[in-house]
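J.:
Number of protein chains: 2
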Amino acid sequence: MGSLILGVSGEVSVSGIAERWKDLSGSKNWEGLLDPLDSDLRRYLIHYGSMVAAVYDSFINEPISKNVGLCRYARKNLLRESGHDNGNPFKYEVTKYFYSPSTVPTAMDYLIQPLRADAVLKQSNWMGYVAVATDDGKAALGRRDILVAWRGTVRPAEWVKNFEFLFVKAPLIFGQDSDPLVHKGFYDMYTAVNPDPVLKAVSARDQIREEVSRLVEQYKGEEISITLAGHSLGSSLATLTAVDLATNPINKNTPPITAFLFASPKVGEHNFKTAVSNLTDNLKILRLTDANDIVPTLPPFGVQENTTLPILSYEHVGLEFDFDASKSDYLDGFKASWHALVTYLHGVDGFQGSGGGFKLHGDFDVALLNKYNDQLKGNYSLIAPAEWYVVKNTGMVQQDDGSWILDDHEVDDI
Amino acid sequence: MGSLILGVSGEVSVSGIAERWKDLSGSKNWEGLLDPLDSDLRRYLIHYGSMVAAVYDSFINEPISKNVGLCRYARKNLLRESGHDNGNPFKYEVTKYFYSPSTVPTAMDYLIQPLRADAVLKQSNWMGYVAVATDDGKAALGRRDILVAWRGTVRPAEWVKNFEFLFVKAPLIFGQDSDPLVHKGFYDMYTAVNPDPVLKAVSARDQIREEVSRLVEQYKGEEISITLAGHSLGSSLATLTAVDLATNPINKNTPPITAFLFASPKVGEHNFKTAVSNLTDNLKILRLTDANDIVPTLPPFGVQENTTLPILSYEHVGLEFDFDASKSDYLDGFKASWHALVTYLHGVDGFQGSGGGFKLHGDFDVALLNKYNDQLKGNYSLIAPAEWYVVKNTGMVQQDDGSWILDDHEVDDI
Chain A
1 MGSLILGVSG EVSVSGIAER WKDLSGSKNW EGLLDPLDSD LRRYLIHYGS
51 MVAAVYDSFI NEPISKNVGL CRYARKNLLR ESGHDNGNPF KYEVTKYFYS
101 PSTVPTAMDY LIQPLRADAV LKQSNWMGYV AVATDDGKAA LGRRDILVAW
151 RGTVRPAEWV KNFEFLFVKA PLIFGQDSDP LVHKGFYDMY TAVNPDPVLK
201 AVSARDQIRE EVSRLVEQYK GEEISITLAG HSLGSSLATL TAVDLATNPI
251 NKNTPPITAF LFASPKVGEH NFKTAVSNLT DNLKILRLTD ANDIVPTLPP
301 FGVQENTTLP ILSYEHVGLE FDFDASKSDY LDGFKASWHA LVTYLHGVDG
351 FQGSGGGFKL HGDFDVALLN KYNDQLKGNY SLIAPAEWYV VKNTGMVQQD
401 DGSWILDDHE VDDI
Chain B
1 MGSLILGVSG EVSVSGIAER WKDLSGSKNW EGLLDPLDSD LRRYLIHYGS
51 MVAAVYDSFI NEPISKNVGL CRYARKNLLR ESGHDNGNPF KYEVTKYFYS
101 PSTVPTAMDY LIQPLRADAV LKQSNWMGYV AVATDDGKAA LGRRDILVAW
151 RGTVRPAEWV KNFEFLFVKA PLIFGQDSDP LVHKGFYDMY TAVNPDPVLK
201 AVSARDQIRE EVSRLVEQYK GEEISITLAG HSLGSSLATL TAVDLATNPI
251 NKNTPPITAF LFASPKVGEH NFKTAVSNLT DNLKILRLTD ANDIVPTLPP
301 FGVQENTTLP ILSYEHVGLE FDFDASKSDY LDGFKASWHA LVTYLHGVDG
351 FQGSGGGFKL HGDFDVALLN KYNDQLKGNY SLIAPAEWYV VKNTGMVQQD
401 DGSWILDDHE VDDI
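For the protein sequence lines, the chains are A and B, in the order given.
Position one of the first sequence corresponds to residue 1 (my numbering), numbered consecutively onward.
Position one of the second sequence corresponds to residue 1 (my numbering), numbered consecutively onward.
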């Protein structure tokens, strides 16, 4: 993904990221690093966005599969099989997959539902993973990073069209009768118990918090960070996860928490924003927004569930980092998907300051712009076929007798 | 593909095909074998159709590729990589690839044209292969079979829409001033010199005849057959190849020639039909036709090139074997592609006699009905995803540094 710099010792060093990670994770609230964009931070942001891409890349969304809604790969193979290991010095071990119910009313339209009666998951979708930096990854990242990566919906159009505007209280985060209100659908997906028996009646929240706690305990003698990363819907869920971890610490000493939110919608109203602002000692949020993406403008306002008034505005949290991928010569404006994660990472790679133009820095491969899309323009369209990221034979595998069966899932612990 | 029968000796035997191959190849003009369909012949037909499928399965039709128009695989890997080796006792060694010009005026609309200036083939398309039975294949087939397989167009809709009706004389087959007239487009594709320098100014005709001659010479002490197989446009070209080989023998002793034509259009007029009829001592043609496929009705009539009159009818050659895949419960009548090769092979597998219904015999895997199509119906659609046959990542391959490049072709002799 990135270019390596060979240090004087002959060892591969990753520019200044290992030494500067606290700054890059927002210890000084990214002051002076964004405009123009610091070259280490550029690479750092593209790294965390790519870790979210691994979830999209590995999600089984074939509705006729009995494995629809699961991850295609076992945890130990996820990053390699989805193309996030080659050339990447930021090594992680994926230790936990987490799931959200696909049957909460607000999620029915855009989460994947199975067609087969014998589907493994009937009412849940795999949404992301918890990972921890390996020793090599720690050397490149400067500390033992615990990463929580949330994907967004694979059906963004349906999701945006049916956007839920209702607010609810968030008792599991802020207590029973506290003031902050958050988006009902996001809160449900984060906290509702997964009804599929194989998931043992836990919520995404419990799966994540238990695993993060276990890892913090396991590495308690080391310098640790907790990093949340998400895209689209997954940014909203990463926001709730981060705010929850900061508000309700699960270990005696909570490591510093940073959230990198790509293309995030708004999550709560004014009191939520205030509550998040009060956490800034230990919680840093950087929200990346493309100028042409509509999703960060949503939802504009809403009312609390089971009430009709007052109408409240949704408000963003964290520090916003704006850019404009439409300045890129690589993208066909008529076909570009400004909301797509790859377009975001391209936008970051080419960002030349708020007043500047667009120039690639080589931290993000332009071939990936056509990975799920058909948006490369003109002669650049010769770089890669449209929508090229497909699994061989859509998961059909030939047997020794010559017949073909759908075999699209590596068995692993759920 | 087929079911094997374990003989008393414990060796795998392939029903009666090895013993009965002359009958199955039409030595008695398939009398008594078609209605009801002899079970060995069923398997035999599906075998030869599948050998044609291997060409479609391996053709690079990605226009941004510099390899567009070539075969994806080296000859030695073709049958294995395209899924025609597992469980298949009829083993062949592919010895030669052949090509037709994509720039003959009649072919411009439906053959594949490259987008890149550095394309390997600018004016030709890979159309098929010559293969010879291995020793194992010979044991299963009863003789050393030399196979010539022709694919049809990957754009059948464009092809049918722009169907050429002109007749021309066929001097390379019948001599300068002989009577038979054949379809101009077919004759051009068979005989026109390939203009790409890498193809050394030879035509498909010369490539095929030279290779068949070489193989006949190589195996001259053995019992040999020559089998032509084609689908759609490829059936027409297989017809010309077969008639040419029978009319203009290339070896002292020409082996018996059989052509299995799937979904063939008509190739010539009355004099052509008469000429072909006079070759029946050494040339047997079985033409497989689905009741709902429009292609075998084309072209209805035409005029000779550079003339205006008379209007002449196109006439079919060989023995017709009719069936009706629309009797199958597996196929969605609204989405089924009656012309597709897989649908033909399914139709053969389920044929229950001209007055009968439809019942699968297990010689053709129904999962293949969705290989390039979306035609499985109802609960059968759970067998396989729609259009599932895709190469991993559309040929994009990740490099050690993490970047992705299009790498979709195994180097081999052209």
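All C-beta atoms, glycine included, are put in the ideal place defined by N, C-alpha and C.
Quantities reported herein were computed from a predicted structural model and do not represent experimental measurements.
I want to see whether chain B comes within less than 9 Å of V390 of chain A, judged by CB atoms only; does it?
T.: V390 of chain A counts as touching chain B.
J.: Does the beta-carbon distance from V52 of chain A to I60 of chain A come in below 9 Å?
T.: Contact flag unset, no.
J.: Please list, in chain order, all residues of the same chain as T106 of chain B whose beta carbon is under 7 Å from its beta carbon, the five residues on each side excluded.
T.: Correct list, in chain order: E164, K184, G185, D188.
J.: Tell me, please, whether the region 91–100 of chain A touches the region 18–29 of chain B by the rule of three or more beta-carbon pairs shorter than 8 Å.
T.: No contact exists between the region 91–100 of chain A and the region 18–29 of chain B.
J.: Give the range of the beta strand (DSSP E) segment to which Y92 of chain A is assigned.
T.: Looking at the DSSP string, the run of the beta strand (DSSP E) that includes Y92 of chain A is 92–101.
J.: Buried or exposed: which applies to D400 of chain A, given that a residue is buried once 16 or more other Cβ atoms fall within 10 Å of its Cβ?
T.: D400 of chain A should be labelled exposed.
J.: Whole angstroms is fine: what's the gap from N253 of chain B's alpha carbon to S225 of chain B's?
T.: Taking the straight line joining both Cα atoms gives about 11 Å.
J.: Does P249 of chain B get closer than 9 Å to chain A when you measure Cβ to Cβ?
T.: Not one chain A Cβ lies under 9 Å of P249 of chain B.
J.: Evaluate D290 of chain A with the Cβ neighbour count: other Cβ atoms within 10 Å of its Cβ, from every protein chain shown; 16 or more gives buried, anything less gives exposed.
T.: When all chains shown are included, D290 of chain A counts as buried.
J.: How many angstroms separate the CA atom of Y330 of chain B from the CA atom of G395 of chain A?
T.: Distance between the alpha carbons of Y330 of chain B and G395 of chain A is about 21 Å.
J.: Keeping to the same chain, check which residues put their C-beta closer than 8 Å to that of G10 of chain B; ignore five residues upstream and five downstream.
T.: Bear in mind that the predicted position of G10 of chain B carries a pLDDT of just 39, short of 50, making it too unreliable to give a figure here.
J.: Quick one: which unbroken beta strand (DSSP E) runs of 3-plus residues sit fully inside the region 109–133 of chain A? Chain order, please.
T.: Counting whole runs of 3 or more residues, the region 109–133 of chain A contains the beta strand (DSSP E) stretches 124–133.
J.: By DSSP's criteria, E315 of chain A is part of a beta bridge. Which residues make up the other side?
T.: For E315 of chain A, which the question treats as bridged, DSSP gives the partners A:G268.
J.: Sort B:G347, B:E269, B:F272, B:D244 by Cα distance to D293 of chain B and report the nearest one.
T.: Selected option, being the one with the closest Cα: B:G347.
J.: Are the C-beta atoms of T134 of chain B and some chain A residue less than 9 Å apart?
T.: Not one chain A Cβ lies under 9 Å of T134 of chain B.
J.: Expressed to the nearest angstrom, what Euclidean distance is found between the alpha-carbon atoms of K122 of chain A and D85 of chain A?
T.: For K122 of chain A and D85 of chain A, the distance between alpha carbons rounds to 31 Å.
J.: For F90 of chain B, which residues from the same chain have a beta carbon less than 7 Å from its beta carbon, with the 5 sequence-adjacent residues on both sides left out?
T.: Closer than 7 Å at the Cβ level, and outside the excluded window around F90 of chain B, lie H47, G137, A140, L141.
J.: Return the residues of the region 396–408 of chain B that lie within a Cβ-Cβ distance of less than 8 Å from chain A, sorted by chain order.
T.: Correct list: M396, Q398, Q399, D400, D401, G402, S403, W404, I405, L406.
J.: Within the same chain, show all residues whose beta-carbon is closer than 8 Å to that of S3 of chain B, passing over the 5 residues directly before and after it, in chain order.
T.: The predicted model places S3 of chain B with a pLDDT of 40, which falls under 50 and marks its position as unreliable; any figure quoted below should be read in that light. Cβ within range, chain order: G362, D363.
J.: Below 7 Å CB to CB, which residues in the same chain sit around S337 of chain B once its five sequence neighbours on both sides are set aside?
T.: Result list for S337 of chain B: T343, N373, Q375, in chain order.
J.: Examine chain B for any beta-carbon lying closer than 9 Å to the beta-carbon of N77 of chain A, and answer yes or no.
T.: Output row for N77 of chain A: interface = no.
J.: So within the region 172–215 of chain A, which uninterrupted alpha helix (DSSP H) runs reach at least 4 residues, ignoring any that extend past its ends?
T.: Here the runs fully enclosed are 184–191.
J.: Runs of 4 residues minimum, wholly inside the region 269–315 of chain B: which ones carry the alpha helix (DSSP H) assignment?
T.: Counting only runs of 4 or more, we get 270–277.
J.: Restricting to Cα atoms, I'd like to know which of B:Y219, B:V104, B:I173 is closest to G134 of chain B.
T.: Checking the displayed sequence, the identity of residue 134 of chain B turns out to be Thr instead of Gly. The shortest C-alpha separation from T134 of chain B is found at B:Y219.
J.: Hey, quick one: how far does the alpha helix (DSSP H) through W21 of chain B stretch, first residue to last?
T.: W21 of chain B -> alpha helix (DSSP H) spans 17–24.
J.: With distances taken between CB atoms, is the gap from L233 of chain B to W150 of chain B smaller than 9 Å?
T.: Yes, the Cβ-Cβ distance between L233 of chain B and W150 of chain B is below 9 Å.
J.: Given a cut-off of 9 Å on the beta-carbon distance, is the pair A325 of chain A and F358 of chain A in contact?
T.: Their beta carbons are under 9 Å apart, which means A325 of chain A touches F358 of chain A by this criterion.
J.: I'd like to know whether the C-beta of G87 of chain A is nearer than 9 Å to at least one C-beta of chain B.
T.: Yes, G87 of chain A counts as interfacial toward chain B.
J.: Which of helix, strand or coil does DSSP assign to V397 of chain A?
T.: The answer is strand: DSSP assigns V397 of chain A an E or B state.
J.: For A259 of chain B, does the three-state DSSP call read helix, strand or coil?
T.: Three-state DSSP puts A259 of chain B in a strand.
J.: Looking at C-beta atoms only, is the number of pairs between the region 347–356 of chain A and the region 375–387 of chain A that lie closer than 8 Å three or more?
T.: Contact between the region 347–356 of chain A and the region 375–387 of chain A is absent, because fewer than three Cβ pairs lie under 8 Å.
J.: Do you know how far the Cα of L341 of chain B is from the Cα of E31 of chain B?
T.: Using only the alpha carbons, I get a separation of about 25 Å.
J.: Considering only residues of the same chain and omitting the five flanking positions on each side of R287 of chain B, which have a CB-CB separation below 6 Å?
T.: So the qualifying residues of the chain are L261, S264, G318, E320.
J.: Give the secondary structure of I405 of chain A by DSSP, where H, G and I count as helix, E and B as strand, and everything else as coil.
T.: Three-state result, I405 of chain A: strand.
J.: Which whole-angstrom value describes the C-beta separation of V267 of chain B and V182 of chain B, a residue pair presumed to lie in contact below a C-beta threshold of 8 Å?
T.: With 8 Å as the limit, V267 of chain B and V182 of chain B qualify as a contact, their Cβ atoms being about 6 Å apart.
J.: If the cut is a Cβ gap below 8 Å, which residues of chain A does F15 of chain B touch?
T.: Position check: residue 15 of chain B holds Ser in this sequence, whereas Phe was assumed. Under the 8 Å cutoff, chain A gives no residues; its nearest Cβ is about 16 Å from S15 of chain B.
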